[in-house]
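Notes follow once the structure below has been shown.
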Amino acid sequence: MTVAEIEGMDRAALTAAWSDIFRTPVPRGLSKVLLRRFLAIEIQTRQMGGLSKKAKTALRKPSDQTARPQSPGLQPGGRLLREWNGVTHVVDVTDDGFVWKENRYRSLSRIAREITGAHWSGPRFFGLNGAAKS
439 MTVAEIEGMD RAALTAAWSD IFRTPVPRGL SKVLLRRFLA IEIQTRQMGG
489 LSKKAKTALR KPSDQTARPQ SPGLQPGGRL LREWNGVTHV VDVTDDGFVW
539 KENRYRSLSR IAREITGAHW SGPRFFGLNG AAKS
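The numbering used here numbers the first residue of the sequence shown as 439 and each following residue consecutively.
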């Protein structure tokens with residue numbers, strides 16, 4: 439099977455190809471677009487000799503050891519201040535995220551959305567990577 443053949447397959451053919459290649463049923467709710475992508479990647483990976491050592495090592499590493507990227511300078515115990523519509527908002531930085539109004543959040547963007555009611559980049563809203571505009 440080639441990547442070019444995958445492009446012309448209907449859902450039934452994609453499902454059969456998935457079962458042949460992965461030896462598992464297709465995950466529920468997986469669209470035809472994603473089926474094609476997964477199949478194409480697997481075919482290409484096998485044709486190129488498999489995954490690199492670096493990729494295999496990364497996949498074996500438990501997910502709890504993968505460090506969550508944080509903005510530079512944000513250390514547990516730090517505090518962010520932002521005035522919005524005449525109200526000063528205080529966010530405390532913790533080991534596992536942020537605390538705002540006694541609620542825990544994993545994302546500054548979620549806090550910015552709660553404050554403004556609109557989608558914001560959290561780091562940008564709090565002035566960590568560019569000027570935030572009121």
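Don't be surprised by glycine CBs; every beta carbon is placed ideally from N, CA and C.
- Within its own chain, the residues whose Cβ lies closer than 8 Å to the Cβ of T526, once the five positions on either side in sequence are excluded, are L519, R520, listed in chain order.
- The beta carbons of R544 and G535 sit about 4 Å from each other, so the pair counts as a contact at 8 Å.
- Distances from the CA of I479 to each of L512, L546, I549, M439 were compared; the closest alpha carbon is that of M439.
- Here the C-alpha atom of P500 lies approximately 16 Å from the C-alpha atom of K491.
- Counting every other CB atom within 10 Å of its CB across the protein chains shown gives A550 a total of 16 or more, marking it as buried.
- For V529, the pairing in a beta bridge is given by DSSP as L518, W538.
- Linking L468 to L566 through their CA atoms gives a straight-line distance of about 37 Å.
- With 16 or more neighbouring CB atoms inside 10 Å of its own CB, W456 falls in the buried class.
- Counting only the Cα atoms, R517 lies some 13 Å from E540.
- Here W522 is exposed, its C-beta having fewer than 16 other C-beta atoms within 10 Å.
- For T554, the enclosing alpha helix (DSSP H) stretches over residues 546 to 554.
- Across the set I459, A493, L472, the C-alpha of I459 shows the shortest separation from the C-alpha of I481.
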